[in-house]
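A.B. asks:
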Amino acid sequence: MSRADIRQHASAATPLPPLSSTIPLEISVPQSNPNLQDLQDDFDLFSWQSFIAVNWPGGSDGNPKPGSTFGANDATVWENWKESRDIFLPGGATPPPWGQDPPPPDVCKGMGNGVLNLTQVGKTPNVLDESGEPFETGPLIDQNGQYVRFAIMTNQDMFNTIVSDGLYSKAGQQKFGKPANFAQPAGSKNTGAIMIKSSWKVMGGKDQASRFHTIQALVYTNPGEHEGVQASCKLQTVGLVGLHIAHKTAGEPQWVWSTFEHVDNVPVKGEPLNQANYSFYNRNCSGTCAVNEPPARPWNPNNPHTTPSQIMREVALTASTKSLNARYQALLQQTYPGTVWANYQLISTQWPTNAKNPTDPTGNPAPSFLANATLETYIQGKVPQASSSCMACHNNATMTNGLTSDFTYLLQRAQ
Numbered sequence: 002m003s004r005a006d007i008r009q010h011a012s013a014a015t016p017l018p019p020l021s022s023t024i025p026l027e028i029s030v031p032q033s034n035p036n037l038q039d040l041q042d043d044f045d046l047f048s049w050q051s052f053i054a055v056n057w058p059g060g061s062d063g064n065p066k067p068g069s070t071f072g073a074n075d076a077t078v079w080e081n082w083k084e085s086r087d088i089f090l091p092g093g094a095t096p097p098p099w100g101q102d103p104p105p106p107d108v109c110k111g112m113g114n115g116v117l118n119l120t121q122v123g124k125t126p127n128v129l130d131e132s133g134e135p136f137e138t139g140p141l142i143d144q145n146g147q148y149v150r151f152a153i154m155t156n157q158d159m160f161n162t163i164v165s166d167g168l169y170s171k172a173g174q175q176k177f178g179k180p181a182n183f184a185q186p187a188g189s190k191n192t193g194a195i196m197i198k199s200s201w202k203v204m205g206g207k208d209q210a211s212r213f214h215t216i217q218a219l220v221y222t223n224p225g226e227h228e229g230v231q232a233s234c235k236l237q238t239v240g241l242v243g244l245h246i247a248h249k250t251a252g253e254p255q256w257v258w259s260t261f262e263h264v265d266n267v268p269v270k271g272e273p274l275n276q277a278n279y280s281f282y283n284r285n286c287s288g289t290c291a292v293n294e295p296p297a298r299p300w301n302p303n304n305p306h307t308t309p310s311q312i313m314r315e316v317a318l319t320a321s322t323k324s325l326n327a328r329y330q331a332l333l334q335q336t337y338p339g340t341v342w343a344n345y346q347l348i349s350t351q352w353p354t355n356a357k358n359p360t361d362p363t364g365n366p367a368p369s370f371l372a373n374a375t376l377e378t379y380i381q382g383k384v385p386q387a388s389s390s391c392m393a394c395h396n397n398a399t400m401t402n403g404l405t406s407d408f409t410y411l412l413q414r415a416q
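Counting the sequence shown from 1 gives a position; the numbering used here is that position plus 1.
1. If you run the structure through DSSP and keep just helix, strand and coil, what is F136?
2. What does the alpha-carbon distance come out to for the pair L117 and R150?
3. Does the Cβ of C430 have 16 or more other Cβ atoms within 10 Å, making it buried, or fewer, making it exposed?
4. Using a 10 Å radius around the Cβ and a threshold of 16 neighbouring Cβ atoms, would you call C284 buried or exposed?
5. Could you compute how far the alpha carbon of L411 sits from the alpha carbon of L37?
6. What does the Cβ neighbour count give for A247, buried or exposed, with the cut at 16 atoms within 10 Å?
7. With a 10 Å radius around its C-beta and 16 neighbouring C-beta atoms as the bar for buried, classify G115 as buried or exposed.
8. Report the start-end ranges of each alpha helix (DSSP H) in the stretch 151 to 175 that is 4 residues or longer and not cut off at the edges.
9. What distance in whole Å lies between the Cβ atoms of N81 and D62, which are believed to be in contact at a cut-off of 8 Å?
10. Any idea what DSSP makes of K323, helix, strand or coil?
11. Could you spell out the range, first to last residue, of the beta strand (DSSP E) harbouring L219?
12. Do M313 and K383 have their CB atoms nearer than 9 Å?
13. S259 and F408: beta carbons closer than 9 Å?
14. Is the CB of D143 under 9 Å away from at least one CB in chain B?
15. Are F281 and Q237 close, meaning C-beta to C-beta below 9 Å?
16. Am I right that G146 and P18 are in contact with their C-beta atoms under 8 Å? What's the rounded C-beta distance?
17. From this set, E315, R414, L26 and D39, which residue's C-alpha is nearest T354's C-alpha?
18. Please list, in chain order, all residues of the same chain as Q335 whose beta carbon is under 7 Å from its beta carbon, the five residues on each side excluded.
19. Quick one: residues in its chain with C-beta nearer than 6 Å to the C-beta of N182, no 5 flanking neighbours on either side, listed in chain order?
20. Going by C-alpha to C-alpha distance, which of P16, P67, D45 and L20 sits closest to E27?
21. Would you give the residue range spanned by the beta strand (DSSP E) that I348 belongs to?
22. In angstroms with no decimal places, state the Cα-to-Cα distance between L404 and E84.
23. Do W201 and L241 have their CB atoms nearer than 9 Å?
24. Just to confirm, is the Cβ distance from P268 to A184 under 9 Å?
25. Relative to the alpha-carbon of P98, which residue among P105, Q413, P106 and I88 has its alpha-carbon at the smallest distance?
26. Does DSSP put H1 in a helix, a strand or coil?
27. Counting Cβ pairs closer than 8 Å, one from the stretch 325 to 345 and one from the stretch 372 to 379, do we hit at least three?
28. Determine the burial state of P91: buried for a count of at least 16 other Cβ atoms within 10 Å of its Cβ, exposed for fewer.
29. Express the C-alpha separation of T289 and T399 in angstroms, rounding to a whole number.
30. With a 10 Å radius around its C-beta and 16 neighbouring C-beta atoms as the bar for buried, classify R298 as buried or exposed.
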C-alpha cells in the first residue's frame with residue numbers, strides 16, 4: 002500500500018464532523034506535522050462544512066431558520082444574501098439595508114409576486130440577470146439549448162463593509178482613497194466576508210428536476226450584456242449546477258476558494274462516460290462535436306441556441322477529493338434519504354500555502370489551477386496565464402479608481 006493509500010485510508014477512518022448550520026470560521030488542522038496533501042484534505046473538509054452550512058434552509062435575514070434541518074429542497078441561507086445587482090445601483094445610490102431589496106427590472110414587474118412573497122419564508126435569487134462567463138469567453142448552453150444563468154451574492158459581513166466604506170459607488174471609492182480590505186477586526190467572532198457565485202440551468206421537460214436544488218427565479222435578459230438583445234423576463238424553474246464559495250478567513254487573506262458542481266454536469270476528459278445523460282455533454286456526439294469551444298455568435302439568451310455546448314472536465318478530481326465526496330454523499334443519503342444535496346460534489350479547494358509571502362501576493366496557491374466547468378468553462382486546464390486560477394486571477398482585481406479591491410471584481414460594478 003502506497004503512502005497516499007495509507008493516508009487516504011486513515012482519513013476515511015476518521016468520522017466526519019456533524020452536519021451543522023454554522024459556517025466554519027477557520028480551517029481545522031489536526032495533524033501535528035501536516036504535509037501539503039494533509040492540508041489540502043483539511044481545506045477540502047472546510048469546503049464541505051461550508052457547503053452544508055450555506056445550503057441550510059434559510060430565513061429572510063440570511064441566517065439559518067430556527068429549528069430547521071438540512072436535506073430539504075428549501076430556499077437556502079445564501080439565497081437570502083445580497084445580490085450584486087441590489088448593491089451597485091444606478092447613479093451610485095445607497096443600497097437598501099440588509100433584508101430589504103430594490104424592485105426588479107421594469108420588464109420583470111408583476112410576474113414575480115409568487116417569488117417575492119417567499120421573502121417571509123426564505124427569499125430566492127429573484128433575478129438571474131447574467132448569462133456570460135468571465136472575460137467574455139462565451140455563454141454556456143445546456144443540452145436543451147438554454148443559456149446558463151448566474152448570480153453573485155455577498156453575506157452580511159461583506160455587504161456591511163461595502164456600505165460602511167462607501168464602496169458601492171464610484172464617488173465613494175474615490176473618496177475612500179485606499180485599497181479595499183474585507184478583513185474583520187482583530188479578535189472578531191464574525192463569519193468574515195463571503196462571496197458566492199452560482200450557476201443555474203433552466204429546467205426542461207426531459208430534465209430530472211428531482212435531482213437538482215431548484216428554485217423559482219425571474220430569468221432576466223439584460224439588453225446591455227449582448228449587442229442587439231432585447232430585454233425580457235420569465236418566471237422559470239431553474240436548477241443549481243455550480244457554486245463558488247469564496248471566504249476571507251482570518252488566516253487566509255487571499256480567501257479560501259471552494260467550488261462545487263452537480264454530478265450530472267459533464268464527463269471528465271480521458272475517463273469513461275459514467276452517466277446516461279449530462280447537462281452539458283452529448284454522449285451521442287462524441288468525436289464529432291467540438292469540445293470546450295464557445296458557441297458561435299450571435300449570443301442571444303432570448304432564443305434557444307441551435308448548438309448546445311459540448312463540455313468535458315479538463316482536470317480530473319484527485320483521489321482524495323473523490324473519497325471525501327463519496328463519504329459526504331453517503332452521509333447525506335443516509336441522514337436524509339433522497340436529498341438533492343447528495344447529487345453535488347466538491348471539485349477542489351484553492352488556498353494559500355504561504356499567505357504572507359512577501360514576493361507573491363497570491364500566497365502560492367494550491368492547487369495552482371482550479372475551474373468550475375459551469376463558471377470557467379472555456380478557461381479550464383493547466384496553462385499558466387491562460388487557465389483558471391481563482392487567486393491568481395482575483396489578485397488582479399481593482400476598484401473603479403484603479404486601487405486593489407481585495408480579490409473581488411464586484412467593486413468594478415459601482416456606478
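Glycine included, each C-beta is placed from N, C-alpha and C at the ideal position.
C.D. replies: According to the structure shown:
1. Confidence in F136 is poor, its pLDDT being 44 and thus under 50, which makes the residue's placement unreliable; the coordinate value appears in the next sentence. Residue state, collapsed to three classes: helix.
2. At L117, the pLDDT of 30 sits below 50, so the modelled position is not reliable and the matter cannot be decided from this model.
3. There is simply no residue 430 to check, as the chain begins at 2 and stops at 416 in what is shown.
4. In the sequence under discussion, the amino acid at residue 284 is Arg, which differs from the Cys named in the question. Exposed: under 16 other Cβ atoms inside 10 Å.
5. 31 Å
6. buried
7. Any answer about G115 is weak, because its pLDDT of 36 lies below 50 and its placement is not dependable; what the coordinates show is given next. When all chains shown are included, G115 counts as exposed.
8. 157 to 165
9. 7 Å
10. helix
11. T215 to T222
12. no
13. no
14. Of the protein chains in this structure there is only one, and it is not chain B.
15. no
16. So it is not a contact: roughly 42 Å between Cβ atoms.
17. D39
18. none
19. D407
20. D45
21. Y345 to P353
22. 23 Å
23. yes
24. no
25. I88
26. Here the chain covers residues 2 to 416 and nothing more, so residue 1 does not appear.
27. no
28. exposed
29. 41 Å
30. exposed
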